[in-house]
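Chemist: In this note's numbering, the protein residues as written are 7 to 339. After the structure tokens below, expect a handful of questions from me.
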Ligand code: EAX
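What follows is the structure in structure tokens.
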């Protein structure tokens, strides 16, 4: 017993000596309060538009808060798939995420409006709607779930790829097993086209294509490139059938816990990073098509009007649930 006491006492003494020593030599750097860490999860690679945009966001937050807040970016579904991430933000187990709007209808139905085929065809006309009152109202609708939607980044126009055949018209899509996001409007669109769609998280997609449990998938060009889908998909049809925005989200309670200045800084950084990310996609678009060709993809440019006509029934099915007004607003009418 005595022995034990001696051991404890000497550990205690040594510890106080050590801390005492450190204390007297404390530099200004050590004395600084630790930065608050915001982990932001996403499903894509570091060199994707999400990875590049979030890196910029992290730099801007650091500069604007003078190092008081540190953003750490976790790509490649390391913190979970998009549905888990959004649930995590709502619960407060993850601080932030950047997710395509695809999985958001389970949290706020309004978001289904973006999923209607061909509802967005011109980015430049759409950005002011997304960044203005209509978009702000939609982001605010996430508040009931404890989520603060900061801004809309871009995921992009989605194009169809598959390993079986060239797609030139809607009839070519018939019978293809296509992975879709976990989204009711996307699922219905591919059913209407006569495909055999299945929802699946992004993190499982490459393997499903490689093992041919799925014939095809649809995603923006930059994802087809950075997630290396060209290795397992021969055909790319530039259908641009859906446009997906991506929402940068933060746990609302956490956000409100920051000082007013810090909240402003986070929001300003988010807006700047959004513009940077959108520009990055556009600057690289032509190059990306060339790179996919070089990588061996065969690219077709189907008539969009044919696809638009073939998927019109989807609007009728979801119109009542989404609301005609909102559909018209997103169309810019
Ligand atoms: O948000 O799941 C998808 O296809 C998305 O485009 C991707 O996760 C990026």
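By construction, the Cβ of each residue, glycine as well, lies at the ideal position given by its N, Cα and C atoms.
Mapping the DSSP letters down to three states, classify residue 246 as helix, strand or coil.
Modeler: Looking at residue 246 - three-state DSSP - the assignment turns out to be strand.
Chemist: Excluding five sequence neighbours on each side, which residues of the same chain lie with their C-beta closer than 8 Å to the C-beta of residue 39?
Modeler: Excluding residues within five positions, the ones whose Cβ falls inside 8 Å are 74.
Chemist: Nearest CA to the CA of residue 274: which residue from 51, 157 and 260?
Modeler: Looking at the Cα atoms, 157 is the closest of the given residues.
Chemist: Of the residues 220, 120, 99 and 115, which one's Cα is nearest the Cα of residue 106?
Modeler: Residue 106 has its Cα closest to that of 120, out of 220, 120, 99 and 115.
Chemist: Please report the residue range of the beta strand (DSSP E) in which residue 125 lies.
Modeler: Where residue 125 is concerned, there is no enclosing beta strand (DSSP E), given that its DSSP letter is neither H nor E.
Chemist: Go ahead and label residue 239 buried or exposed: buried means 16 or more other beta carbons lie within 10 angstroms of its beta carbon, across all protein chains shown.
Modeler: Looking at its Cβ environment, which holds 16 or more other Cβ atoms inside 10 Å, residue 239 is buried.
Chemist: For residue 48, collect the residues of the same chain with a Cβ closer than 6 Å to its Cβ; drop the 5 residues on either side in sequence, then sort them by chain order.
Modeler: The answer, listed in chain order, is 56, 81 and 104.
Chemist: Who are the Cβ neighbours of residue 190 in its own chain at under 6 Å, not counting the five residues just before and after it?
Modeler: Cβ within range, chain order: n/a, list empty.
Chemist: Take residue 244 as the anchor and find which of 186, 99, 168 and 50 has the nearest alpha-carbon.
Modeler: It is 168 whose Cα lies nearest to the Cα of residue 244.
Chemist: Measuring only the C-alpha atoms, how far is residue 215 from residue 165?
Modeler: So the two alpha carbons sit approximately 16 Å from each other.
Chemist: Closest by CA to residue 113, which one among 127, 132, 267 and 97?
Modeler: Of the candidates 127, 132, 267 and 97, the one whose C-alpha sits nearest the C-alpha of residue 113 is 97.
Chemist: Less than 8 Å between C-beta atoms, sequence neighbours within five positions excluded: which residues of the same chain meet that for residue 76?
Modeler: Closer than 8 Å at Cβ, skipping near neighbours: 41, 42, 43, 44, 64, 67 and 68.
Chemist: Check whether the region 224 to 231 and the region 147 to 163 touch, using three or more Cβ-Cβ pairs below 8 Å as the test.
Modeler: Counting Cβ pairs under 8 Å, three or more are found: they touch.
Chemist: Could you name the residues of the same chain whose beta carbon sits closer than 8 Å to that of residue 78, not counting the 5 residues immediately before and after it, in chain order?
Modeler: Contacts found: 43, 44, 45, 46 and 64.
Chemist: Please give me, in chain order, every unbroken run of the beta strand (DSSP E) with length at least 3 that falls completely inside the region 152 to 222.
Modeler: Those beta strand (DSSP E) runs which fall completely within the region 152 to 222 and span 3+ residues are 153 to 168, 183 to 186 and 202 to 205.
Chemist: In whole angstroms, give me the CA-to-CA distance for residue 313 and residue 181.
Modeler: Their backbone Cα atoms lie some 16 Å apart in a straight line.
Chemist: Among all the DSSP beta bridges, which residues are the ones paired with residue 255?
Modeler: In DSSP, residue 255 forms a bridge with 103 and 155.
Chemist: Heavy atom of the ligand EAX less than 6 Å from the Cβ of residue 140, yes or no?
Modeler: It does not: the Cβ of residue 140 is nowhere closer than 6 Å to a heavy atom of the ligand EAX.
Chemist: Which residue from 288, 262, 93 and 194 puts its Cα closest to that of residue 59?
Modeler: If we check each option's Cα against that of residue 59, 288 comes out closest.
Chemist: Assuming residue 306 is part of the beta strand (DSSP E), what are its boundary residues?
Modeler: Segment 304 to 306, the beta strand (DSSP E) holding residue 306.
Chemist: In whole angstroms, give me the CA-to-CA distance for residue 277 and residue 254.
Modeler: One C-alpha to the other measures close to 10 Å.
Chemist: Tell me whether the beta-carbon of residue 223 lies closer than 7 Å to the beta-carbon of residue 284.
Modeler: Result no, Cβ atoms of residue 223 and residue 284 do not sit closer than 7 Å.
Chemist: Buried or exposed: which applies to residue 251, given that a residue is buried once 16 or more other Cβ atoms fall within 10 Å of its Cβ?
Modeler: When all chains shown are included, residue 251 counts as buried.
Chemist: Could you give the first and the last residue of the continuous alpha helix (DSSP H) run that contains residue 110?
Modeler: Taken as a continuous stretch (DSSP letters only), residue 110 belongs to no alpha helix (DSSP H), as it is neither H nor E.
Chemist: Where are the alpha helix (DSSP H) runs, 4 residues long or more, that stay fully inside the region 252 to 293, in chain order?
Modeler: Runs of the alpha helix (DSSP H) inside the region 252 to 293: 258 to 262.
Chemist: Please name the residue, chosen from 71, 148 and 295, that lies closest to residue 267 on a Cα-to-Cα basis.
Modeler: Closest option to residue 267, Cα to Cα, is 71.
Chemist: Grouping DSSP H, G and I as helix and E and B as strand, with all else coil, what is residue 61?
Modeler: Here residue 61 sits in helix by DSSP.
Chemist: Which same chain residues, not among the five before or five after residue 62, have their C-beta less than 6 Å away from its C-beta?
Modeler: Closer than 6 Å at Cβ, skipping near neighbours: 279 and 282.
Chemist: Buried or exposed: residue 141, going by 16 or more other Cβ atoms within 10 Å of its Cβ?
Modeler: It is buried - the Cβ of residue 141 has at least 16 other Cβ atoms within 10 Å.
Chemist: Using a Cβ-Cβ cut-off of 6 Å (strictly less than) and excluding sequence neighbours within five positions of residue 94, which residues of its own chain qualify?
Modeler: Excluding residues within five positions, the ones whose Cβ falls inside 6 Å are 100.
Chemist: For residue 88, does the count of other Cβ atoms within 10 angstroms reach 16, so buried, or fall short, so exposed?
Modeler: By the neighbour-count rule (16 or more Cβ atoms within 10 Å), residue 88 is buried.
Chemist: Count the other CB atoms, across all protein chains shown, that sit within 10 Å of the CB of residue 326; report buried if there are 16 or more and exposed otherwise.
Modeler: Burial call: exposed.
Chemist: Is it the case that the CB of residue 174 approaches a heavy atom of the ligand EAX more closely than 6 Å?
Modeler: No - the ligand EAX has no heavy atom lying nearer than 6 Å to the Cβ of residue 174.
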